[in-house]
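The listed protein sequences derive, respectively, from chains A and B.
Residues 67 to 427 (the working numbering) are what the first sequence spells out, left to right.
Residues 67 to 427 (the working numbering) are what the second sequence spells out, left to right.
A short worksheet on the structure shown next.
Protein chains: 2
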Amino acid sequence: MAKTIDVYGSELVEDYAKTINDFGLEEFDPSMFPEPNRIMRRGAVFAGRDLKRIADCIKNKKPFYVLSGIMPTGDRIHFGSKLVVEQIAYFQKHGAQAYILIADLEAMASRGVTLEQAKKRAYDFHIPAYIALGLDPKKTIFYFQSENKDVVHMAYEFAKKITLSEFKSIYGSADPGRIMSAVTQVGDMLYPQLEERMPGIIPVGIDQDPHIRLARDVIRRMKQKKFFPISSIYHKFTPSLDGSIKMSKSKPESCIELPEDVNAVTRKLKRALTGGRDTVEEQKKLGGIPEKCMIFEFYKQHMLENDADLDKIYNDCKKGTLLCGQDKQDACEHMAKFMQDFVNKVEQAKKIVPKLNFVKF
Amino acid sequence: MAKTIDVYGSELVEDYAKTINDFGLEEFDPSMFPEPNRIMRRGAVFAGRDLKRIADCIKNKKPFYVLSGIMPTGDRIHFGSKLVVEQIAYFQKHGAQAYILIADLEAMASRGVTLEQAKKRAYDFHIPAYIALGLDPKKTIFYFQSENKDVVHMAYEFAKKITLSEFKSIYGSADPGRIMSAVTQVGDMLYPQLEERMPGIIPVGIDQDPHIRLARDVIRRMKQKKFFPISSIYHKFTPSLDGSIKMSKSKPESCIELPEDVNAVTRKLKRALTGGRDTVEEQKKLGGIPEKCMIFEFYKQHMLENDADLDKIYNDCKKGTLLCGQDKQDACEHMAKFMQDFVNKVEQAKKIVPKLNFVKF
Numbered sequence: 067m068a069k070t071i072d073v074y075g076s077e078l079v080e081d082y083a084k085t086i087n088d089f090g091l092e093e094f095d096p097s098m099f100p101e102p103n104r105i106m107r108r109g110a111v112f113a114g115r116d117l118k119r120i121a122d123c124i125k126n127k128k129p130f131y132v133l134s135g136i137m138p139t140g141d142r143i144h145f146g147s148k149l150v151v152e153q154i155a156y157f158q159k160h161g162a163q164a165y166i167l168i169a170d171l172e173a174m175a176s177r178g179v180t181l182e183q184a185k186k187r188a189y190d191f192h193i194p195a196y197i198a199l200g201l202d203p204k205k206t207i208f209y210f211q212s213e214n215k216d217v218v219h220m221a222y223e224f225a226k227k228i229t230l231s232e233f234k235s236i237y238g239s240a241d242p243g244r245i246m247s248a249v250t251q252v253g254d255m256l257y258p259q260l261e262e263r264m265p266g267i268i269p270v271g272i273d274q275d276p277h278i279r280l281a282r283d284v285i286r287r288m289k290q291k292k293f294f295p296i297s298s299i300y301h302k303f304t305p306s307l308d309g310s311i312k313m314s315k316s317k318p319e320s321c322i323e324l325p326e327d328v329n330a331v332t333r334k335l336k337r338a339l340t341g342g343r344d345t346v347e348e349q350k351k352l353g354g355i356p357e358k359c360m361i362f363e364f365y366k367q368h369m370l371e372n373d374a375d376l377d378k379i380y381n382d383c384k385k386g387t388l389l390c391g392q393d394k395q396d397a398c399e400h401m402a403k404f405m406q407d408f409v410n411k412v413e414q415a416k417k418i419v420p421k422l423n424f425v426k427f
Numbered sequence: 067m068a069k070t071i072d073v074y075g076s077e078l079v080e081d082y083a084k085t086i087n088d089f090g091l092e093e094f095d096p097s098m099f100p101e102p103n104r105i106m107r108r109g110a111v112f113a114g115r116d117l118k119r120i121a122d123c124i125k126n127k128k129p130f131y132v133l134s135g136i137m138p139t140g141d142r143i144h145f146g147s148k149l150v151v152e153q154i155a156y157f158q159k160h161g162a163q164a165y166i167l168i169a170d171l172e173a174m175a176s177r178g179v180t181l182e183q184a185k186k187r188a189y190d191f192h193i194p195a196y197i198a199l200g201l202d203p204k205k206t207i208f209y210f211q212s213e214n215k216d217v218v219h220m221a222y223e224f225a226k227k228i229t230l231s232e233f234k235s236i237y238g239s240a241d242p243g244r245i246m247s248a249v250t251q252v253g254d255m256l257y258p259q260l261e262e263r264m265p266g267i268i269p270v271g272i273d274q275d276p277h278i279r280l281a282r283d284v285i286r287r288m289k290q291k292k293f294f295p296i297s298s299i300y301h302k303f304t305p306s307l308d309g310s311i312k313m314s315k316s317k318p319e320s321c322i323e324l325p326e327d328v329n330a331v332t333r334k335l336k337r338a339l340t341g342g343r344d345t346v347e348e349q350k351k352l353g354g355i356p357e358k359c360m361i362f363e364f365y366k367q368h369m370l371e372n373d374a375d376l377d378k379i380y381n382d383c384k385k386g387t388l389l390c391g392q393d394k395q396d397a398c399e400h401m402a403k404f405m406q407d408f409v410n411k412v413e414q415a416k417k418i419v420p421k422l423n424f425v426k427f
């Protein structure tokens, strides 16, 4: 498979090519990894840091870990979290020990959520949602930051290793809650290596790269403890339905969350930006432009698992045989089915939360 | 007794009068408190915040606490710590529940000391030293910050309540380790109120006032939890032997620490600034100036418990019957006795450390 950012050539590609360059990332090459998943194959996963170390662990069946955190604010998650879970599930399947931490200290320091609220939300929704989206709970170690002294102690230790100006240069700004959150995240990322020294990978949206950089800077400065530098793997944002690069709650009519009412989702999808022509006649003659179509982006990133199904939509659009109205109608049906399935799976997963493998401290 | 800063009128007074004004402190009035101790009577204790609340607790036999932290860096302490302990002992005697915390997280975040090093130093020296200086260990609750989840959780909670610019305006500067230390201190100051809602007082050197201000600002901003604002009581710096306002390790020949070799102390005391005249004849005729004498300051703050003894030295100096040579000789003998006594008591106190009342978490 070709080394490429986006096999379908989305209009949003250029921004990501620039990001790779600006941030000093490695371009993601799906041929490095066995059986690349949907988002790896389709360019939604586009970059990383120190990926070869992880690819070698998979190849040589050496221990490694994949880790992510749940910020238990609110009672919905966005589609970016779905991509994170799919990445975790991929690495779990290929030998990684998965760690999921509940970032309750961060939720308190940066959002003012109490530890009790955070715990309740994590149990009632966030953890079940991750399981519903494909996390293998039996192969996952869970913990709450507030209960993990090792993580907190590392946070205090690492605070000594960065200056305020470095912090500002990485994050653009600094306030006490954000600083404490950030150093705590570094503690989280390295916590599995306290148990067993092994490489680890963090799947994140590109907006989370500052945390990765901070962790890698801190590790470089440690003289005694020998941690592996953190590897990372980046997926694109789920684009806003109006065509801008990132779906955001600040534009609710262009944003779909999980879960969301099917009628609302249908209304939003029907208003989404597509690559359609000015008239039906023109479109039948010239074909549509799937590279500009947010419905197609949604299919590609989230809805269609089978590559042949996606190819068919792409080609039918190009040929002008699949028009935007029908395409949106199909997408709404896919989405309605997906949302109902998600809600059902969350309800199922709630029942097993008490039995999960939470670290006892 | 008159409401005054310093009954013997030290030359260093003016700076403290300015401090009271600049920081918005209450001038300390020893008549507010029963049986004022040596440093309260002699103006070494010179200011406070919300002192009446504590005086009322003593008067009405209501519960209150006194709290201080030990920063377990190094293997010596300075004379300022002696004043802190004497204040704690005073409030213990007058009904306060005493809390002593070992600031091991702060030592790590601000000085890079490991938790293991901090624990060892606290057990082997700092806690025994506090007991040697008069802390009643049976009436004291001890804890390590690194083990106290409640304190750490409050630190994260409070980080949300201050901005970086507020932090800078209080402390003059900000770096991540210092920020984490400061919010953790606020957690320490309020921790006893989680157990029982009661007023508390923190005895500190005036240089520690930023922490008190930060705590009081944070408390003001809390809507739900009703904490009593922290009261504080300030003692002066132990002046440098060369006459400047604060003894500092940066000038080792003008600085005495605890413990310190008797020969070194004798050498330093003999070179100390006094209020002597140019010639012996002149001094016999005009008398000395004890207000300018660092030996007298040491007697006043630290060496002579009995007021009549201090008065006699003051008067003999003024009259010109006690000359600087003899005065220094006497001071060296006092100090040698004190140091030997301190070392002996530390050795004794070490034995009881394992039996102390450490909070179990």
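C-beta: ideal position from N, C-alpha, C; glycine also.
What you are looking at is a predicted structure, and each value in this text was computed from that prediction instead of being measured.
Bounding residues of the beta strand (DSSP E) (the contiguous stretch that carries residue i)
i	result
Q163 (chain B)	Q163 to I168
H301 (chain B)	S297 to H301
Y131 (chain A)	Y131 to I136
R115 (chain B)	V111 to R115
K209 (chain B)	Note that residue 209 (chain B) is Tyr in the sequence shown here, rather than Lys. Segment T206 to F210, the beta strand (DSSP E) holding Y209 (chain B).
P269 (chain B)	G266 to G271
Cβ of residue i within 8 Å of any chain A Cβ
i	result
T70 (chain B)	Low confidence applies here, because T70 (chain B) scores a pLDDT of 33, under 50, leaving its location unreliable; read the following figure in that light. So, not an interface residue.
M137 (chain B)	no
E428 (chain B)	The requested residue 428 (chain B) does not occur in the structure, where chain B is confined to residues 67 to 427.
V425 (chain B)	no
G178 (chain B)	yes
Of the residues the options, the one placed nearest residue i, counting alpha carbons only
i	options	result
M405 (chain A)	A:I322, A:P269 and A:T85	A:I322
Y300 (chain B)	B:P194, B:K411, B:I355 and B:R279	B:R279
A184 (chain A)	A:P194, A:A195 and A:L171	A:L171
G342 (chain A)	A:G391, A:K128 and A:A221	A:G391
S97 (chain A)	A:A83, A:K84 and A:K125	A:K125
F112 (chain A)	A:F303, A:R287 and A:I193	A:F303
M401 (chain B)	B:K205, B:P356, B:K334 and B:I355	B:K334
K291 (chain B)	B:F89, B:E262 and B:K378	B:E262
N372 (chain A)	A:R108, A:Q395 and A:Y222	A:R108
V425 (chain A)	A:D81, A:K315, A:M137 and A:K215	A:K215
I105 (chain B)	B:L167, B:K148 and B:F89	B:K148
R142 (chain B)	B:H192, B:L133, B:P269 and B:G386	B:H192
P102 (chain A)	A:M288, A:Q158 and A:T139	A:Q158
P276 (chain A)	A:V252, A:Q259, A:K289 and A:L256	A:V252
F444 (chain B)	B:E348, B:F99, B:K366 and B:V328	Given that chain B is displayed from residue 67 to residue 427, the structure contains no residue 444 (chain B) and the question cannot be resolved.
G178 (chain B)	B:G243, B:G90, B:D254 and B:Y222	B:G243
Minimum Cβ-Cβ distance from residue i to chain B less than 8 Å
i	result
A175 (chain A)	yes
G253 (chain A)	no
G140 (chain A)	no
K186 (chain A)	no
I228 (chain A)	yes
G341 (chain A)	no
L171 (chain A)	yes
L181 (chain A)	yes
V430 (chain A)	This structure cannot settle anything about residue 430 (chain A), because the visible part of chain A is limited to 67 through 427.
L388 (chain A)	no
First and last residue of the uninterrupted alpha helix (DSSP H) at residue i
i	result
Y257 (chain B)	P242 to E261
Y237 (chain B)	L230 to Y237
V412 (chain A)	C390 to I418
T332 (chain A)	V328 to K336
I285 (chain B)	D275 to R287
H219 (chain B)	K215 to A225
Integer-rounded CB distance, given that residue j should sit under 8 Å from residue i
i	j	result
Y165 (chain B)	Y131 (chain B)	6 Å
M369 (chain B)	L307 (chain B)	Their Cβ separation, rounded to whole angstroms, is 14 Å, which puts M369 (chain B) and L307 (chain B) out of contact at 8 Å.
L181 (chain A)	S297 (chain A)	Not really, about 31 Å apart at Cβ, beyond 8 Å.
Worksheet item: Of the residues that make up the region 233–247 of chain B, which ones have a beta carbon closer than 7 Å to any beta carbon in chain A?
Response: F233, A240, D241, P242, G243, I245 and M246
Discussion item. Against chain A, which members of the region 188–220 of chain B pass a CB distance test of less than 8 Å?
Written reply: S212, E213, K215, V218 and H219
Worksheet item: Residues in the region 269–295 of chain B with C-beta within 7 Å of chain A's C-beta atoms, listed in sequence order?
Response: none
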